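Enquirer: Structure incoming, see below.
There are 2 protein chains.
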Amino acid sequence: MTDRNHDHHYTENVQSHLKKVEALLSKHALLEDVVHRQELPREDRHALVDTLVHKQNLAELGMFIDGLHAADIAYILESLPIEQRSLVWSLVKPERDGDILIEVSDAVRESLIATMNRDELRAAAEQLDADEIADIAHDLPQNVLRDVFRSLAVEEREQLRAAMSYPEDSVGALMDFSMIHVRDDVTLEVVSRYLRRFDELPDHTDQVFVVDRNDRFKGVLPINLIVVNEPETIVRDLMLTDTIQLHPDDKAEQAAQAFERYDLVSAPAIDEEGRLIGRVTVNVVLDYIRNESESDVLSLAGLREEEDIFASVWKSAKNRWTWLALNLCTAFFASRVIGTFEGTIEKFVALATLMPIVAGIAGNSANQTTAIIIRSLALGQITQGNARRMMLKELAIGGFNGLLWGSIAGLFAYVLYHNAALGIVMTSAMLLNLLVGATVGLAIPLVMQKLGRDPAFGSSVMITAITDSGGFFIFLGLATIFLI
Amino acid sequence: MTDRNHDHHYTENVQSHLKKVEALLSKHALLEDVVHRQELPREDRHALVDTLVHKQNLAELGMFIDGLHAADIAYILESLPIEQRSLVWSLVKPERDGDILIEVSDAVRESLIATMNRDELRAAAEQLDADEIADIAHDLPQNVLRDVFRSLAVEEREQLRAAMSYPEDSVGALMDFSMIHVRDDVTLEVVSRYLRRFDELPDHTDQVFVVDRNDRFKGVLPINLIVVNEPETIVRDLMLTDTIQLHPDDKAEQAAQAFERYDLVSAPAIDEEGRLIGRVTVNVVLDYIRNESESDVLSLAGLREEEDIFASVWKSAKNRWTWLALNLCTAFFASRVIGTFEGTIEKFVALATLMPIVAGIAGNSANQTTAIIIRSLALGQITQGNARRMMLKELAIGGFNGLLWGSIAGLFAYVLYHNAALGIVMTSAMLLNLLVGATVGLAIPLVMQKLGRDPAFGSSVMITAITDSGGFFIFLGLATIFLI
Numbered sequence: 261m262t263d264r265n266h267d268h269h270y271t272e273n274v275q276s277h278l279k280k281v282e283a284l285l286s287k288h289a290l291l292e293d294v295v296h297r298q299e300l301p302r303e304d305r306h307a308l309v310d311t312l313v314h315k316q317n318l319a320e321l322g323m324f325i326d327g328l329h330a331a332d333i334a335y336i337l338e339s340l341p342i343e344q345r346s347l348v349w350s351l352v353k354p355e356r357d358g359d360i361l362i363e364v365s366d367a368v369r370e371s372l373i374a375t376m377n378r379d380e381l382r383a384a385a386e387q388l389d390a391d392e393i394a395d396i397a398h399d400l401p402q403n404v405l406r407d408v409f410r411s412l413a414v415e416e417r418e419q420l421r422a423a424m425s426y427p428e429d430s431v432g433a434l435m436d437f438s439m440i441h442v443r444d445d446v447t448l449e450v451v452s453r454y455l456r457r458f459d460e461l462p463d464h465t466d467q468v469f470v471v472d473r474n475d476r477f478k479g480v481l482p483i484n485l486i487v488v489n490e491p492e493t494i495v496r497d498l499m500l501t502d503t504i505q506l507h508p509d510d511k512a513e514q515a516a517q518a519f520e521r522y523d524l525v526s527a528p529a530i531d532e533e534g535r536l537i538g539r540v541t542v543n544v545v546l547d548y549i550r551n552e553s554e555s556d557v558l559s560l561a562g563l564r565e566e567e568d569i570f571a572s573v574w575k576s577a578k579n580r581w582t583w584l585a586l587n588l589c590t591a592f593f594a595s596r597v598i599g600t601f602e603g604t605i606e607k608f609v610a611l612a613t614l615m616p617i618v619a620g621i622a623g624n625s626a627n628q629t630t631a632i633i634i635r636s637l638a639l640g641q642i643t644q645g646n647a648r649r650m651m652l653k654e655l656a657i658g659g660f661n662g663l664l665w666g667s668i669a670g671l672f673a674y675v676l677y678h679n680a681a682l683g684i685v686m687t688s689a690m691l692l693n694l695l696v697g698a699t700v701g702l703a704i705p706l707v708m709q710k711l712g713r714d715p716a717f718g719s720s721v722m723i724t725a726i727t728d729s730g731g732f733f734i735f736l737g738l739a740t741i742f743l744i
Numbered sequence: 261m262t263d264r265n266h267d268h269h270y271t272e273n274v275q276s277h278l279k280k281v282e283a284l285l286s287k288h289a290l291l292e293d294v295v296h297r298q299e300l301p302r303e304d305r306h307a308l309v310d311t312l313v314h315k316q317n318l319a320e321l322g323m324f325i326d327g328l329h330a331a332d333i334a335y336i337l338e339s340l341p342i343e344q345r346s347l348v349w350s351l352v353k354p355e356r357d358g359d360i361l362i363e364v365s366d367a368v369r370e371s372l373i374a375t376m377n378r379d380e381l382r383a384a385a386e387q388l389d390a391d392e393i394a395d396i397a398h399d400l401p402q403n404v405l406r407d408v409f410r411s412l413a414v415e416e417r418e419q420l421r422a423a424m425s426y427p428e429d430s431v432g433a434l435m436d437f438s439m440i441h442v443r444d445d446v447t448l449e450v451v452s453r454y455l456r457r458f459d460e461l462p463d464h465t466d467q468v469f470v471v472d473r474n475d476r477f478k479g480v481l482p483i484n485l486i487v488v489n490e491p492e493t494i495v496r497d498l499m500l501t502d503t504i505q506l507h508p509d510d511k512a513e514q515a516a517q518a519f520e521r522y523d524l525v526s527a528p529a530i531d532e533e534g535r536l537i538g539r540v541t542v543n544v545v546l547d548y549i550r551n552e553s554e555s556d557v558l559s560l561a562g563l564r565e566e567e568d569i570f571a572s573v574w575k576s577a578k579n580r581w582t583w584l585a586l587n588l589c590t591a592f593f594a595s596r597v598i599g600t601f602e603g604t605i606e607k608f609v610a611l612a613t614l615m616p617i618v619a620g621i622a623g624n625s626a627n628q629t630t631a632i633i634i635r636s637l638a639l640g641q642i643t644q645g646n647a648r649r650m651m652l653k654e655l656a657i658g659g660f661n662g663l664l665w666g667s668i669a670g671l672f673a674y675v676l677y678h679n680a681a682l683g684i685v686m687t688s689a690m691l692l693n694l695l696v697g698a699t700v701g702l703a704i705p706l707v708m709q710k711l712g713r714d715p716a717f718g719s720s721v722m723i724t725a726i727t728d729s730g731g732f733f734i735f736l737g738l739a740t741i742f743l744i
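So the sequences go chain by chain: A and B. Heads up: the first sequence runs through residues 261 to 744, numbered per our numbering. Heads up: the second sequence runs through residues 261 to 744, numbered per our numbering.
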C-alpha cells in the first residue's frame, strides 16, 4: 500500500480515541433521546434533530475522525455496535473509504459494504491498488467488481487478474506490485537519479530489484547500500544475488517463516520463468501471522472464522453451530457407552460419581499434547525421523502422569468408599485412559496435517470424544469385571 | 542485530536442510553402530570410530552447517533429539555460537548452554550486542555474566544494565541500540556523507533519528526521503515530526499493535525527558507476535511455557502438572456434586448416562465465548462502553443455543427412556447450563485481564470446572425435584 496517510497523526494509544468517539456518540444519542421523549409528531421531531446543535455535534465527530490514521478508524469501527458504526462510517470522507475497507476485519467489512451503494463502492475500490482490490474482491458485489475492472489500466487489469487467481494462503495472495526495478549495468548515480523522480518511494522499499531486459530477476540492491556506497559504483558489482526468492504458488506460511528467520523487510516474488512479478512486504506478513494465530485460538474452540463482536445473535450463533452439533453427537455416543453399563452403575452408584474424573483428566492431558504438536507442526519441526520418538515420549509422559494422578484419584476413591478394589480400578482406568489420550493427542493433529487440513481445527472435539467415551468404557468395563 | 550472516545462503525450504542433516547423522550413527556391534574392547572401538571415514563424515556435516544461515541452524538444532543436537552444536564454528544462541527457543538454548564451559560461553556472549546479551542473560551462569559485563565498554555496560532492567513484556525488552542519529540543521549531503562512513547500516535502518544537542528526540528522517530529495535540502525541512514514539515502560503489546497498524519498520524509543534511548525494529516485533500467539495456544491448554520437544520425560511431565493438578481438584469437586445426588441416581440410573451431555456442551460453548473474548481483548476492542452489550449478546446466544440443542438432547432422552418429564428436565438443564457457560465464558477472561493476568491462561480449566459442576448440579437437582 502506498502511504496515503502521511498527514494523519499517529498514536500509541488508540483506546483513548475510541473513548473520545464513544463520548461524542453518547452526547449525540442523548440529544436524540431528548428529542424523542418530547413525543412530537414525526416530521417535527425530524426537524428538531436537524438543529444546529445536533449538526455541530456530528461535525465535531467528523473532524476528529478526519484527523485519525485509517488503521485507527478501522479499529474504532470494529469496536462500535452496528448503528453507531454506521453513523461513524457515514462521517468518513469518501476518499478514505478504500483505505479503511482494506484495514477492517473481514466480518466488519461486510457490515460496512452493506451500507454502501454501487457508486460509493466503485469510487472506494478505485482508490486502491490492484493487489488491494483483490483482497476485498470477494466482499464486493459482482457488478461493482465489473465496473472497477473496466476502469483499470491494462497493466492493472492483468495484476488484478493475477492477484485474484492465487489461493488465500499462498504467497500470491500476499504479494503487491509496487516494486521498483533497475538494470544491473547502470551506476548508483543513475539509480539515484531514477529514484529522485519519485515523490516518495512505495512503502517498505528497503531494496530495489535488479532485472535484465526480459524482466528476469538478477538480484537485489538494498537502498542502504546505495546510501553508503560511492555514486560511480556499478549496480552489478554491488547487488546481492544469494537472497531469498518467493514463488506465488508457495504457501504463505513459508514466506512468513522466511521473513521471521531472515529478518526481511521485503522479498521478490518470481514466476517459473524467473521473471520478477511482485514483492511481499513485512507489514503484510505481520498481518498474516496475527491472523493465523488468532484463527488458531478460534479454531481450537471450533470457530471457523473471526466474528464481528457486534454481529447479530443469529449470525454469531450460526458460526458456533458446526462445533456444537458435532459435540452433541459425540456426547450422545459417550452417553450410550455409559448406557451399556447401566446395570453395573445400578449396583454400584459410586461409579457414576467417579467416571467424569477418568474422562476429564485424560481429555486435558491429551489437549496439552495436541497444543505442543500443533506448535511444532507450525514451526515445521516434526519430521519422519523424529515422529516415532515423539510418540514414545508422549506415551511415557502419559504413563508417568497416569500412575501419579491415577494413584491420587485411586486413593480419593478408596477414602470415600472404603473399597480397595475400587481404588485399584480407578488407578488402572486413569493410567489406561491417559495412554489413550497421549496416542490420540499426538495422532489426530498429525493425521489432520497429513490430510492437508488445519491441525488445530476440530482436533479438540475429536480428542474429547475419544477420551470421554474411552474413559467411560475403560472405567465401567474394569468395574464390571472386577467389582460386580 | 547487525547482519553478520550476509554471506550465508538463504533458502525457502529449510526442511530440506534438516533432512540432509538427518541423513548425514544417520550415516554417522550407522557407522558407530557397526563399530559397536563388533564388540571390540572400549579403546579399540574408540580408535576405530576415529577412522578417516568417520572424520570425513563429520567434516562433511560441519561444512554443510557452515553454509547455513544462523536461523536455519537454530531450526535444525531445535528439531534434533538431544544427543544429535549436541553433536551438531559441537560442529558449529565458535564464532557463530552467539548468533545461534539468540535464534533458538528458550528451552533449547538451555540445553545448548548446558554443554558449554565458562570460556566458550563468554566468547559466545562477547559476540553479541548489549540488547542481545540482555535477551539471553537469564540463561547464563552468574560468573559468565560478570565476565562479559567486565569486558564491555562503558557505554555498552550502561545499555546492558538498561536493557536488563525492563520487564519481559515491555517495549524496553524489545529495544536495541543500533540507531543512527543526526542533527536537524545539516543538509542531506552531510547526512549522506556521514552514512557513507558506515560499511553497512544496521539492519532495519529505514530511517535515521533526528535529535538536538542534548539527545532530545526531534523527529525521523526516512532513508527513502534522503534518496528522493536533493542533497542540499536541510534535514529540518524534510524530517517527519508527527510520528509514533515508544516508551521503554510501555507494554510490548502496544508497540506490536502500533507496528501492525501503521506498517512500521522501526520506531524510536524515548525516555521521560524526551531523550532518544533506543529503537524497536519490525523483526523483533514479528518474533514477539509469533511467540505471544504460540503462548496463547499453549496457555489455553494450561502449559506455562514452550517445551523443547526433546526435553526429558520428567521435565515435560512437570511442565504439565500445575494444570493437571488443578484439573484433578475441580474434577474431585464435580464428583462430590454428583455424590450428593447418589440417591437420585440409584433410583433413576438414566441420569448417569445423560449428565455428561449437559456438562460437555455448555463447557464447549463457554470455551467458544472465551476464545472470542480473548481475541477481542488482544485487539483492545472491549471497552466499558460495550462490555455490557457483549454480555447481553453472549447470554442471548447461550439462550438460543440452549433452547435449540437442549430440545434435541431432550428429544434424545425422551426417545431413549420414553419419559417426557426426563426430556423436559434435560432441555431445561441444557438451557440453564449454557447460560451459566455464557456468563463465565465472558466473565473469567475479563476478570483475569482486570487483575493484570493473561486472560488465556487457566481460563479453560475454571470454565470447565464451573460448567461441569454446574451442569451436574442443575441436571441432577432438577431431576430430584421433578422426577423422583
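Glycine included, every Cβ here is placed at the ideal spot set by N, Cα and C. Here the structure is a predicted model, which is why all the values come from computation and not from measurement.
Chain A partners of glutamate 532 (chain B), CB-CB under 9 Å?
Expert: Near glutamate 532 (chain B) there are no residues of chain A at all, since even the closest Cβ is about 14 Å away, more than 9 Å.
Enquirer: To the nearest angstrom, report how far apart alanine 512 (chain B) and aspartate 547 (chain A) are at their CA atoms.
Expert: Roughly 17 Å between the two C-alpha positions.
Enquirer: If I follow the unbroken alpha helix (DSSP H) through phenylalanine 469 (chain B), where does it start and stop?
Expert: Counting along the chain, phenylalanine 469 (chain B) falls outside any alpha helix (DSSP H), though it belongs to the beta strand (DSSP E) covering 467–471.
Enquirer: Write down the C-beta distance between glycine 737 (chain A) and methionine 615 (chain A) rounded to the nearest angstrom, noting that I regard them as a contact closer than 8 Å.
Expert: With 8 Å as the limit, glycine 737 (chain A) and methionine 615 (chain A) do not qualify as a contact, their Cβ atoms being about 11 Å apart.
Enquirer: Which of helix, strand or coil does DSSP assign to threonine 262 (chain B)?
Expert: In this prediction, threonine 262 (chain B) scores a pLDDT of 38, lower than 50, which makes its location untrustworthy; the coordinate-derived value is nonetheless stated afterwards. Note: threonine 262 (chain B) maps to coil in three-state DSSP.
Enquirer: Spatial neighbours of glutamate 380 (chain B) within its chain, please: C-beta separation below 8 Å, excluding the five flanking residues on both sides.
Expert: Counting only Cβ-Cβ distances below 8 Å, and skipping sequence neighbours, we find Pro354 and Asp357.
Enquirer: Mind listing the chain A neighbours of lysine 710 (chain B)? Cutoff is C-beta to C-beta under 8 Å, in chain order.
Expert: Within chain A, no residue comes near lysine 710 (chain B); the closest Cβ sits about 15 Å away, beyond 8 Å.
Enquirer: Residue range of the beta strand (DSSP E) that leucine 738 (chain A) falls in?
Expert: Not the beta strand (DSSP E): leucine 738 (chain A) falls in the alpha helix (DSSP H), residues 719–742.
Enquirer: So valine 540 (chain A) is in the beta strand (DSSP E); what residue range does that whole segment cover?
Expert: Element bounds for valine 540 (chain A): 536–541.
Enquirer: Name the chain A residues whose beta carbon is nearer than 7 Å to that of tryptophan 665 (chain B)?
Expert: Those within 7 Å of tryptophan 665 (chain B) in chain A are Leu584 and Leu588.
Enquirer: If we call anything under 8 Å between Cβ atoms a contact, is leucine 255 (chain B) one with leucine 284 (chain B)?
Expert: Outside the displayed range of chain B (261 to 744) lies residue 255 (chain B), so it cannot be described from this structure.
Enquirer: Check the Cβ of threonine 465 (chain A) against every Cβ in chain B and list those closer than 7 Å, keeping chain order.
Expert: Asn484, listed in chain order.
Enquirer: Are the CB atoms of valine 364 (chain B) and alanine 334 (chain B) nearer to each other than 8 Å?
Expert: Yes, they are a contact pair.
Enquirer: Are the beta-carbon atoms of threonine 629 (chain B) and threonine 740 (chain B) separated by less than 8 Å?
Expert: Going by C-beta atoms, threonine 629 (chain B) is not nearer than 8 Å to threonine 740 (chain B).
Enquirer: Quick one: Cα of lysine 287 (chain A) to Cα of serine 350 (chain A), how far?
Expert: Computed Cα separation, rounded: 17 Å.
Enquirer: With a threshold of 8 Å between beta-carbons, can alanine 739 (chain A) be considered close to chain B, or not?
Expert: By this cut-off, alanine 739 (chain A) is not an interface position.
Enquirer: So phenylalanine 477 (chain A) is in the beta strand (DSSP E); what residue range does that whole segment cover?
Expert: 477–482 is the extent of the beta strand (DSSP E) around phenylalanine 477 (chain A).
Enquirer: Consider the Cβ of glutamate 606 (chain B): report whether some Cβ of chain A lies at a distance smaller than 8 Å.
Expert: For glutamate 606 (chain B), the answer is yes, since a Cβ of chain A falls inside 8 Å of its Cβ.
Enquirer: I'd like the list of long-range same chain contacts for aspartate 429 (chain B), defined as Cβ closer than 8 Å, with 5 residues on each side in sequence excluded.
Expert: The residues are Lys511, Ala512 and Glu513.
Enquirer: Using a 10 Å radius around the Cβ and a threshold of 16 neighbouring Cβ atoms, would you call proline 715 (chain A) buried or exposed?
Expert: Buried, because 16 or more other Cβ atoms sit within 10 Å of the Cβ of proline 715 (chain A).
Enquirer: By the three-class DSSP mapping on this structure, what secondary structure does aspartate 436 (chain B) have?
Expert: If DSSP states are grouped into helix, strand and coil, aspartate 436 (chain B) belongs with the strands.
Enquirer: For the beta strand (DSSP E) holding serine 526 (chain A), just list the boundary residues, first then last.
Expert: First-last of the beta strand (DSSP E) with serine 526 (chain A): 526–530.
Enquirer: Return the residues of the segment 424–445 of chain A that lie within a Cβ-Cβ distance of less than 7 Å from chain B, sorted by chain order.
Expert: From the segment 424–445 of chain A, no residue has a Cβ closer than 7 Å to chain B.
Enquirer: Using three-state DSSP, classify valine 446 (chain A) as helix, strand or coil.
Expert: The answer is coil: DSSP assigns valine 446 (chain A) none of H, G, I, E or B.
Enquirer: Compare the Cα-Cα distances from valine 368 (chain A) to each of A:Met323, A:Ser346, A:Arg476 and A:Ala656 and report the closest residue.
Expert: Per the Cα distances, A:Ser346.
Enquirer: Please list, in chain order, the residues of the segment 512–528 of chain A that have any C-beta partner in chain B closer than 7 Å.
Expert: Taking 7 Å as the Cβ-Cβ cut-off against chain B, the residues of the segment 512–528 of chain A that qualify are Gln514, Ala518, Phe519, Glu520, Arg521, Tyr522, Asp523 and Val525.
Enquirer: Does the beta carbon of histidine 329 (chain B) come closer than 8 Å to any beta carbon on chain A?
Expert: True, the Cβ-Cβ gap to chain A drops below 8 Å.
Enquirer: Check this for me: beta carbons of methionine 439 (chain B) and valine 470 (chain B), under 8 Å apart or not?
Expert: No. Outside cutoff.
Enquirer: Specify whether the segment 693–701 of chain B and the segment 620–627 of chain B touch according to this definition: at least 3 beta carbon pairs, one from each stretch, less than 8 Å apart.
Expert: Cβ pair count under 8 Å is three or more, so yes.
Enquirer: Tell me, please, whether the CB atom of serine 746 (chain B) is closer than 8 Å to any CB atom in chain A?
Expert: Because chain B here runs from 261 to 744, residue 746 (chain B) falls outside it and cannot be looked at.
Enquirer: For isoleucine 569 (chain A), does the three-state DSSP call read helix, strand or coil?
Expert: If DSSP states are grouped into helix, strand and coil, isoleucine 569 (chain A) belongs with coil.
Enquirer: According to DSSP, is serine 430 (chain B) part of a helix, a strand, or is it coil?
Expert: In the structure shown, serine 430 (chain B) sits in a strand (DSSP, three-state: E or B).
Enquirer: So the alpha helix (DSSP H) serine 350 (chain B) belongs to, where does it begin and stop?
Expert: First-last of the alpha helix (DSSP H) with serine 350 (chain B): 342–351.
Enquirer: Using beta-carbon positions only, say whether serine 442 (chain B) and leucine 506 (chain B) come within less than 8 Å of one another.
Expert: Sequence check: residue 442 (chain B) is valine here, not serine. Their beta carbons are not under 8 Å apart, which means valine 442 (chain B) does not touch leucine 506 (chain B) by this criterion.
Enquirer: Please list the partners that isoleucine 668 (chain A) has in chain B, where partner means a Cβ-to-Cβ separation under 8 Å.
Expert: What isoleucine 668 (chain A) touches in chain B: Leu588.
Enquirer: Taking C-beta pairs closer than 8 Å, name the residues in chain A that threonine 699 (chain B) reaches, listed in chain order.
Expert: Under the 8 Å cutoff, chain A gives no residues; its nearest Cβ is about 16 Å from threonine 699 (chain B).
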